[in-house]
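Everything on this sheet refers to the single structure shown next.
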Amino acid sequence: MRRTTLLTAVCILALLAPGCREGVRRLGAGPGGPAAADDFTVAIATRFGPIERGPRFNAARPKLARSALVPSRVFDEADLWTAREGEWRQLDYFGRREGEAYRLEVQPSAPPPRAPGDYRGRLRLHRIEDGRFEWLMRQELAVGSVRPEDVAEALTAFLRSVEGVSAAEARARAARLFPRAAAAFSRLYDLETLELGPEDGGVTPVRLGIRLKPDGIRATAPRYAAFLEKVAAPMRARATASDTSGTPWWRLEVGELLWTFRFRVRDGDLVPLEGPASRRLPDQLRVAVDFSTKAGPFTVGVRRLVADVTLTRTPREKGYTARFREQPEWRLPILLKPFLRGSLSYPFEGPGSSSSFAVRETADGPTRLIRDYGIRVRESWIVKWIGGLGHSAVNDFRKGAESESDRYSRECLYALRDDVVSLLSEPGL
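Here the numbering used here is used: the first residue of the sequence shown is -17, the next is one more, and so on.
Structure (C-alpha cells):
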C-alpha cells in the first residue's frame, strides 16, 4: 500500500495545481536550475518503478516479512545479516539505475547515495532482552541538487494556487497543464469531490475526495486491481491533526476506496480547520488515528493511535518526526482480549516507537529524502498472530500484484516528470 499512498499524495499535488507553473519554477529555482527539478522527479520515478531485485535481497525479503513481529526467528541467522556485533544485527542494501533498469541488492557497508535515484537501506535489529527487540530502519534516496527550501516553496505555491479560483477552473487547469499525468492517474484515481471556498478573511476551505477505482487498471494490471479490492476496499480510517490546544488543522477520512481530505488555506499557508485563521501552523502537533480493516471473518484495528509530531523547518531540512507513546485501544476478536496483557503495550513504553521523514540537504553530497522508523516488539502468541495477518497481505501483494504496481507507479511518475519538463521549457521558466 505504500506505493498507492505515494501516488495518492502526488495525485493530490497535481490536482491542486492551477498555478503549477509557479510551483515548478520554484522547484527549479536553486543553483541547480531546471535540471534540479528534472533530477528530483526522475529519482522518485525510478525508485518507485519496476525493480530488479538481486538474489540475496529476494532471499531476505520473505524471512524478514515473516519475522517482523517475531524477530527471534532471524536474530541468529548469520547468512541474513551484513554485520553483527553483540546484541545488534544489521542488513545493508543499495539501489541504483543501470541503463533502463533499476537494481536493488544486498551490499555490505553500502555507501551513501549520491547520483539521483541512488538508494540505501539500512535495517538494524537490537535485542534488548529475551523476547524484547527493537527494529530500526533508515532509507535514503538521492534526489539531486534541489534544495529543501525549493521543495517547501513549491508546495506553498501549489497551495496558494487554489485560492481565488473555482473548483471547475482548478480541474480544467490541472488537466491542461498536466495532460500526461492526468491521463495516467485517472486510470486508478477519480477526483470525485473538489470544493474550494472562499470564506471571509481571504480563507479558502478545501475538501478533496479521491476515489480509487481498480476497474480502471484491471485490463493492464489485473492482479494489482484484485489486491486493491481485497485489501484497500475494507479499510476504514480517520486521522485528525490538532495543535496542543486541541484545534484541528487538517483531517483525512478513508472508506470504501474514497480518500477525503479537508483543510483550509490562506496565502499559501495552512490555517486552522475551524475558527480564526490568524495563526501559523505550529511546530508541535498531535495526530490521532482510528483505523480498521477486515482479516478473514474478523474486523481488526486501533482507536486513538496518537502521534506527537514535531516539524522541522530549517533552510537545509524540511520534515517531521512522529513519536508514539500512548497505547491505543485495540479492536480485536473478543476471545483474544483477555490475553493482551503487556505485549501490545510494549511498543509505546519508554521512548516509544517513532517515524520520521525529511528532505535534507547534505554537506558532502546531494539532497536526500530520508525516512526513519523504529518499533519495539515484545514477542507473544498474540503478536505472532497479528504478524501473520500482515504477512498474509504481503504475500498477496508479492504474488504478481507488486510487479504490476511497480509498472503503474513508473507510468504515473514518468508522466508527471514529462509534464514538469514541458513546463520548465516554456519561455520565462
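By construction, the Cβ of each residue, glycine as well, lies at the ideal position given by its N, Cα and C atoms.
Predicted model only: the values in this text are computed from it and were never measured.
Tell me the rounded alpha-carbon separation between residue i and residue j.
i	j	result
residue 51	residue 205	27 angstroms
residue 349	residue 132	11 angstroms
residue 153	residue 213	30 angstroms
residue 0	residue 37	Because the pLDDT at residue 0 is just 45, under 50, the model does not fix this residue reliably, and the value given afterwards should be weighed accordingly. Those two C-alpha atoms are separated by around 45 angstroms.
residue 21	residue 165	22 angstroms
residue 355	residue 274	22 angstroms
residue 203	residue 241	21 angstroms
residue 169	residue 310	37 angstroms
residue 185	residue 125	34 angstroms
residue 7	residue 150	24 angstroms
residue 78	residue 346	19 angstroms
residue 297	residue 251	17 angstroms
residue 177	residue 282	33 angstroms
residue 393	residue 380	19 angstroms
residue 39	residue 62	9 angstroms
Based on Cα-Cα distance, which residue from the options lies nearest to residue i?
i	options	result
residue 238	220, 105, 302	220
residue 385	13, 23, 31	31
residue 23	248, 236, 395, 149	395
residue 175	161, 160, 148, 185	148
residue 277	60, 231, 376, 223	376
residue 85	28, 312, 65	28
residue 268	290, 256, 160, 280	290
residue 82	190, 40, 34, 378	34
residue 137	5, 399, 162	5
residue 263	272, 248, 271, 62	248
Only counting the same chain, and skipping five residues up and downstream in sequence, which positions put a Cβ closer than 6 angstroms to that of residue i?
i	result
residue -2	Here residue -2 scores only 47 on pLDDT, less than 50, and its place in the model is too uncertain to base an answer on.
residue 299	130, 340, 342
residue 104	74, 120
residue 196	207, 210, 211
residue -17	Reliability fails at residue -17, whose pLDDT of 48 lies under 50, so the model's placement of it is uncertain and no value is given.
residue 303	292, 338
Let me check one thing: in DSSP terms, what residues is residue i bridge-paired to?
i	result
residue 123	101, 351
residue 231	None; residue 231 has no bridge partner.
residue 70	67, 108
residue 312	284
residue 80	83
Taking the alpha helix (DSSP H) that residue i falls in, what are its first and last residues?
i	result
residue 194	First-last for residue 194: 186 to 194, but that is the beta strand (DSSP E), not the alpha helix (DSSP H).
residue 138	130 to 142
residue 44	37 to 48
residue 24	16 to 29
residue 151	149 to 159
residue 209	204 to 209
residue 57	54 to 57
Residue i lies in the beta strand (DSSP E); which residues open and close that run?
i	result
residue 336	335 to 342
residue 277	266 to 277
residue 406	Per DSSP, residue 406 belongs to no beta strand (DSSP E); it is in the alpha helix (DSSP H), 384 to 406.
residue 220	218 to 224
residue 171	171 to 178
residue 243	240 to 248
residue 469	The chain is shown from -17 up to 411; residue 469 falls before or after that span and cannot be answered.
residue 301	299 to 306
residue 213	Neither: residue 213 is in no beta strand (DSSP E) and is coded neither H nor E.
residue 85	83 to 88
residue 251	251 to 253
Return no unless some Cβ of chain D is closer than 8 angstroms to the Cβ of residue i.
i	result
residue 338	You won't find chain D in this structure, because it holds only one protein chain.
Take residue i and list the residues in its own chain whose beta-carbon comes closer than 8 angstroms to its own, dropping the five residues that flank it on each side.
i	result
residue 335	305, 306, 329, 355, 356, 357, 358
residue 89	64, 74, 75, 76
Among the residues of its own chain, which have a CB less than 7 angstroms from the CB of residue i, if the five just before and after it don't count?
i	result
residue 181	187
residue 382	205
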